[in-house]
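What follows is one structure encoded as structure tokens, with my remarks underneath.
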Amino acid sequence: MKKQILITGGTGYIGSHTAVELINEGFDVVIVDNLYNSNAGVVDGIEKITGIRPLLEVFDLCDSVRTNDLFSKFNISAVIHFAAYKAVGESVRMPLEYYRNNLVSLINILDSMKAHGVENLVFSSSCTVYGQPEKLPVTEQSPIQPAVSPYGNTKQIGEEIIRDTTSSSNTINAIALRYFNPIGAHPSGSIGELPTGVPENLVPYITQTAIGLREELKVFGNDYNTPDGSCIRDYLHVSDLAKAHVVAVKRLSDKKNKKAYEVFNLGTGKGVSVFEALKSFEKVTGIKVKYTITGRREGDIEQIWADPSLANKELNWKTGYSLDDCMKTAWEWQKQVTKSNL
Ligand code: NAD
Ligand code: WQD
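Per our numbering, the very first residue in the sequence shown carries number 450; after that it's consecutive.
This is the structure we're talking about:
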């Protein structure tokens, strides 16, 4: 039987883009998602782009029996574990739900991998583990700071669970990828981010304002110690990010990893302010976005961007899309979503 790559959370934003890149590289893909933050129609989008319809299994990975059954049903060679709750503000209000969902699902995956001799895991981590770094850009050696939210803590604890599991088991090898800020959508306009309710993140808020769903963007503070006073992030295109997962899976499958547990930053290496992001969107779309400057958002990091040189060297991976490309594809996707909701 041909080996399959299991993508948990594969109908979600980053998972669906990764499914496309894996299929394009000839991998056989199985998706598990409970559709908590996505819908089954995403598989149509993946099929439209690749010509191949990945299998979708709908269930909750907190169910250990169903998770284990899945590993019996398929011949899985690697797992890419995206499935998690990810809203920072919500995690502050619902910490137990976040700890339960993000950690129990991870433990179930690791248990099933051990039970079925599956050796390779790629884990979605986040730059949130660095908090506000003292030195910029951040390398993988930059200190991990106490998490400011339960969500962030689930990523720190998740990394620790994986590190300890790889060192206690002779079989499991893992790569944790610390994403900076993924934005944009597949250039085909067939898949993209589907935020439910009011978006927390900057780019969906900009595109929803531009299309008229939101009245105005609120810029959270212009009094930071940055050149234009707004916060700085490292925005990368979601398809670039997706490609890094293909490389990580190949590295593990080909046993090219240097340690049982490796960590890589995934970013462009360039910091971009809120106003610069807004300007890029306005330039590529020709649309003026109404905004006001409000107070700072609690818990916001002033500035952070990646040193991606380890991923550049070891994974032979770097970003290709520009900030303008990111904004262009985010806008095409927003128009597409709005049209299909009419
Ligand atoms: P997303 O919400 O679009 O995708 C996650 C998917 O997982 C959703 O489709 C959801 O329905 C599913 N899911 C959640 N809990 C599940 C469970 N218990 N069982 C089965 N399915 C479950 O999120 P995303 O933006 O694609 O993020 C993917 C991963 O990357 C997450 O782990 C997230 O924490 C991490 N991450 C995201 C960002 C970002 O800015 N988007 C940045 C850093 C890290
Ligand atoms: C970007 C910038 C805001 C919205 C979050 C998570 C983090 C990680 C990535 C998963 C900030 C400003 C935003 C708005 C604004 N996710 N902004 N008005 O803050 O880097 O991080 O996503 O791991 O854990 O916290 O991303 O897109 O929310 O904000 O001015 O309406 O845009 O202040 O400077 P952030 P973001």
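Even for Gly, the Cβ is constructed at its ideal location relative to N, Cα and C.
Query                                                                                                                                                                    : Result
Compare the beta carbon distance of E642 and K739 with 7 Å and say whether it is the shorter of the two.                                                                 : no
State yes or no: is the C-beta of C680 within less than 7 Å of the C-beta of V723?                                                                                       : yes
Can you tell me where the alpha helix (DSSP H) with E609 in it begins and where it stops?                                                                                : P599 to S617
In the segment 643–680, which residue ranges form an unbroken beta strand (DSSP E) of at least 3 residues, counting only runs that do not cross its ends?                : 666–669
Alpha carbon to alpha carbon, what distance is there between I501 and V479?                                                                                              : 12 Å
Excluding the 5 residues preceding and the 5 following Q594 in the sequence, name in chain order all residues of the same chain whose CB lies nearer than 6 Å to its CB. : G580
If you measure between the beta carbons of Y710 and R612, is that distance less than 7 Å?                                                                                : yes
If you measure from the CB of Y548, is any heavy atom of the ligand WQD nearer than 6 Å?                                                                                 : no
What are the boundary residues of the alpha helix (DSSP H) that includes T413?                                                                                           : Lying before the first or after the last residue shown, residue 413 is absent from the chain, which here runs from 450 to 791.
Considering only the alpha carbon of each residue, which of I556, N557, A533 and I558 lies closest to E546?                                                              : A533
Who pairs with R682 in a beta bridge, going by DSSP?                                                                                                                     : V721
By Cβ distance below 6 Å, which residues in the same chain neighbour I750 in space, the five residues on each side in sequence not counted?                              : Q581
With a Cβ-Cβ cutoff of 7 Å, do T615 and I624 count as a contact?                                                                                                         : no
In terms of residues, what are the limits of the alpha helix (DSSP H) holding Q785?                                                                                      : L772 to N790
Along the chain, where does the alpha helix (DSSP H) containing P544 start, and where does it finish?                                                                    : P544 to Y548
What I want to know is whether the C-beta of S573 ends up closer than 6 Å to one or more non-hydrogen atoms of the ligand NAD.                                           : yes
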